[in-house]
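One gets this note's numbering by counting positions in the sequence shown from 1 and adding 6 to each. Ideal placement from N, C-alpha and C gives every residue a C-beta, glycine not left out. Keep in mind it's a predicted model, so treat the numbers as computed, not measured. Following: one structure in structure tokens, then a few remarks.
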Amino acid sequence: MSPTDTDGDVSASGSPDDASASGSPDDDVTVECVLVPVDGSEEALTAVEHAAAVADRYGADVHALYVVGSETAREIRAGDLEREAVAEGASRFFEQVRAVCSRRSVAVSSSTAAGFSTGRLTRHPGSVILDCAEEADADFVVVPRERAVDAPEALEKAAEYVLSYASQPVLAV
């Protein structure tokens, strides 16, 4: 579903605030957990806003997955970046996620995963997101589709993969 679908969860304006304004949820749709992969970018925070709106509409929880990108992992392995600094940055971003979700009284959980692996060639941000969706028993996924030029790279290739292979409904924002 795209943000411009008028019969979906987000209105034609694409505003996450409009998601709950269109009435009660469909009786045949059950959403208990909305997964939103994040990378610390503004685009990811926008995806969190949409995820919180979907969760609010369906009485669901949000699970935010912080995906660490290949460049960050490479810098950690090279000793140019401390793991603690990455963890601290993710923790600060999760505070923003909790703030967005609390405005809608939506419960939120979080986890962190490496989007790439030098030991497993099949480890890709998209597959990491789908693995987490299965582990979290997510019924819906909201994924950032675009990224700013200076934003982390972890999610830049994941949206198309998730859109192509997810068994859950996916909203790409």
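- In this structure, V60 sits near V148, with a CB-CB distance shorter than 8 Å.
- Counting only runs of 4+ residues, the alpha helix (DSSP H) found wholly inside the stretch 53 to 116 occupies 76 to 84 and 89 to 109, in chain order.
- Contact check for G132 against A105 fails: the beta carbons are separated by 8 Å or more.
- Comparing alpha-carbon positions, the option among V73, V40 and E140 lying closest to D62 turns out to be V40.
- The Cβ atoms of Y72 and D45 lie closer than 8 Å to each other.
- Cβ-Cβ separation between V42 and Y64: approximately 14 Å, too far for a contact (criterion under 8 Å).
- By the C-beta density criterion, S47 is buried, having at least 16 other C-beta atoms within 10 angstroms.
- Assignment of A164 by DSSP, reduced to helix, strand and coil, places it in the helix class.
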